[in-house]
Amino acid sequence: MIEDNTNIAKKNFFSFGKRGDTKSKNNMRKRDGLSAVVFLTPTMIIFLTFILFPVIFSFYLSFHEWNMFSSEATYVGIDNYKRMMQSNEFWSVLKNTGIYTIGTVPLNMIVALLVAMALNKKIKGKKFLRTAFFAPVIISPVAAAVIWRWIYDPNYGLLNYGISFFGVGSINWLNDPTAAMFALIIMGVWKTFGINMVLFSAGLAGIPETYYEAADIDGAGKFSKFWHITLPMLAPTTFFIMIMSMISSFQVFDLVYVLTSGGPLGSTKVLVFYVYEYAFKFFEMGYASAVAYVLFVILIILTLLQVRYMKNRVHGAF
Amino acid sequence: MKFIKTLNISKSVLKHIVIYALAFITLAPFVWMILTSLKDMSEIFVYPPQWFPTEFRFDNYSKAFEAAPFGRYYFNSIFIAVTVTFGQLVTCSMAAFAFARLQFPGRNILFYLFLGTMMIPYNVTMIPSFLVLYWLGWIDTYYALIVPGLASAFGTFLLRQFFITIPKELEEAAYIDGATKLQVLRTIIVPLAKPALATLAVFTFMGVFNDFIWALIVINSEDMQTVQLGLAIFRDRYLTQWDLLMAGSVTAVLPILIVFFFAQKYFIQGITLSGLKE
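Protein chains in written order, with the working numbering: chain A, 1 to 318; chain B, 1001 to 1278.
Written out as structure tokens, the structure is:
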């Protein structure tokens, strides 16, 4: 079921621009311009007001100082960016975001790939298992973080009880700076690996069975098959998943807000949280916009890497 | 030979054990949440933790609903999620129809531009979007939670990709019979595009119902709070009242779990099609 959909999606994705153009020009087609305006107006109004204008305006704001209540913003040049570069807090926030990303993405991908591979084999109760692994993805991050706060409770929490069997003493998960980041990463992986499991499953289903059969004839072992067939064939999926996961990790907010509120001692304060604080607690719209733009640039670079890689792949494949 | 066979069986058993153990760990927080929500406080603060309550205390839920107006939060969340979902189905299918079927100058450029906006992160548009709503006087109203969500580049893209796979012959016949474009969209395209519409609906509903940051920014008064925002504030107020907090959490995840149970196919389709993340 999943595999079919990816194929359809891929086919559709790469075929746009080729289909859809009709050469027949009858009378009805001449009025298309007017109809197009009617059909696109609702979407375009929202799009201009809440996407295009904001993107431009926050760029403008990033060169200004403004608390949103005064009537005019003061032009300050690149002061906001300078201030950011000189701010220890900004660098520590960037570092925290980086640690969270480096902590979650590889772990997330390894778990997701292992589970996807297991579900690709003969396993009883596949449907149940897939539902189970996917369930954390769909629930609200707020509720998830509330549940995990209880699990991380230092005295009565399930996790400290669990690790006590392995001889690990009680850890004050949310009040120790190192442990708190760790706690955030564990929860982050739990919350999101189901997405990547689904994507890996689709990727695995796309590897032709004949490759493995040929390898069997050559007497290849399990590990060898994994190393020489599965991994290389999955490379595009893996790259896609990696970039997407990095993009979303860089934007983590809800989980942080509810689990740790950025603490203790700012050890889990991440970029979006920082933007939120400056914009909506201190009302420093200019500075907050500048930070948001830096995040935007980081995400654009990641996205462009993705697009370039996809393009190369497409040229190679067709 | 026999040895190898037993080895294979035990390997398979081992594989099952490992994967089911992992599934158990994944589900444990859910189970723990539900069981805690039914316990008395005296059974919550015990070490080692005990899984099952001696008596199921369903009145934790009514206590939670008394401690905060969860009923009101619920109404707000469902109302907003349903309105946005319905709105998006309408606006996205109209825009998708234009991109898939209508001939007009600059169509492809506009479509690419539109696709490009899918890559713009929320955080960049967040501040000015808030300002727009502030200038409109819509802060702390339903408008603030609904209107910005009434269009979606992702949804338009998803539906457009589906629409172009629908054969044109069906429509040609309708046009000859004198149907308008809106009629064609409503009576021919939409019924055929049900799977894609369902995927979009499920995704939008989930996204809006689970949304937190936007509600946090644009909502101040208790009456206007959504379930997620209400729960986050509830958490600040009842820091260690785990019975009430877990009852609140169950409340906040239940509708989505129910939708997921009935429409799992569409969730997975949506993920596969987009690689979309929250």
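No residue lacks a Cβ here, since even glycine has one placed at the ideal position from N, Cα and C.
Around residue 118 of chain A, the beta-carbon contacts reaching into chain B at under 7 angstroms are 1015 and 1019. Using a Cβ-Cβ cut-off of 9 angstroms, residue 1221 of chain B does not count as an interface residue toward chain A, since no Cβ of chain A sits closer than that to its own. Residues of chain B with a Cβ closer than 9 angstroms to the Cβ of residue 70 of chain A do not exist, since the nearest Cβ in that chain sits about 13 angstroms away. DSSP places residue 1217 of chain B in the uninterrupted alpha helix (DSSP H) bounded by 1213-1218. Neighbours of residue 272 of chain A across chain B, judged by C-beta separation under 7 angstroms: 1123. Beta-bridge analysis with DSSP links residue 65 of chain A to A/74. Using a CB distance cut-off of 9 angstroms, residue 125 of chain A counts as an interface residue toward chain B. Separation of residue 1087 of chain B and residue 1150 of chain B (C-alpha to C-alpha, rounded to the nearest whole angstrom) is 5 angstroms. Short of 7 angstroms from the beta carbon of residue 1123 of chain B, and not among the five residues preceding or following it, lies no beta carbon of its own chain.
Taking residue 1139 of chain B as the centre and dropping the five residues before and after it, the same chain places the C-beta of 1133 and 1218 closer than 7 angstroms to its C-beta, in chain order. Here the alpha carbons of residue 112 of chain A and residue 1233 of chain B stand approximately 33 angstroms from one another.
DSSP places residue 120 of chain A in the uninterrupted alpha helix (DSSP H) bounded by 88-120. Contact residues of the segment 278-298 of chain A toward chain B are 279, 280, 285, 288, 289, 292, 293, 295 and 296 (C-beta to C-beta distance below 8 angstroms).
For residue 1117 of chain B, the nearest CB of chain A lies under 9 angstroms from its own CB, placing it at the interface with that chain.
Residue B/1152 holds the alpha-carbon nearest to the alpha-carbon of residue 41 of chain A among B/1152, B/1226, B/1248 and B/1207. Taken through DSSP and simplified to helix, strand or coil, residue 1035 of chain B comes out as helix. Annotated as proximal: residue 1196 of chain B and residue 1158 of chain B, with beta-carbon spacing under 9 angstroms. Residue 1137 of chain B is outside the set of residues whose beta carbon lies under 9 angstroms from a beta carbon in chain A. Here residue 1143 of chain B carries a helix assignment [DSSP, helix/strand/coil]. When DSSP states are grouped into helix, strand and coil, residue 1183 of chain B belongs to the helix group. By the CB criterion at 9 angstroms, residue 1117 of chain B and residue 250 of chain A fall outside the cutoff. Taking C-beta separations shorter than 8 angstroms and ignoring five residues to either side along the sequence, the partners of residue 1104 of chain B in its chain run 1098, following chain order. By the C-beta density criterion, residue 100 of chain A is buried, having at least 16 other C-beta atoms within 10 angstroms. Chain order gives the chain A residues near residue 1253 of chain B as 139, 140 and 143, where near means a beta carbon separation below 7 angstroms. Rounded to whole angstroms, residue 1155 of chain B and residue 140 of chain A show a C-alpha spacing of 21 angstroms. Judged by their CB atoms, residue 187 of chain A and residue 116 of chain A are not nearer to each other than the 9 angstroms cut-off. Under the 9 angstroms criterion on CB atoms, residue 44 of chain A is classed as interfacial with respect to chain B. In the structure shown, residue 152 of chain A falls within a coil segment according to DSSP collapsed to helix, strand and coil. Look at the beta carbons and you see the segment 1037-1045 of chain B touching the segment 1054-1065 of chain B: at least three pairs across the two are nearer than 8 angstroms.
Spanning the alpha carbons of residue 190 of chain A and residue 203 of chain A requires a straight line of approximately 21 angstroms. Ranked by how close their Cα comes to the Cα of residue 230 of chain A, the residues A/247, A/158, A/200 and A/244 have A/200 in first place.
Take the alpha-carbon of residue 1243 of chain B and the one of residue 1035 of chain B: they are about 9 angstroms apart. Taking CB atoms only, residue 1071 of chain B has no neighbour in chain A less than 9 angstroms away. Around the beta carbon of residue 67 of chain A, a 10 Å sphere encloses fewer than 16 other beta carbons of the protein chains shown; the residue is thus reported as exposed.
Between residue 1210 of chain B and chain A, the shortest Cβ-Cβ separation is below 9 angstroms. Across the set A/303, A/286 and A/301, the C-alpha of A/286 shows the shortest separation from the C-alpha of residue 81 of chain A.
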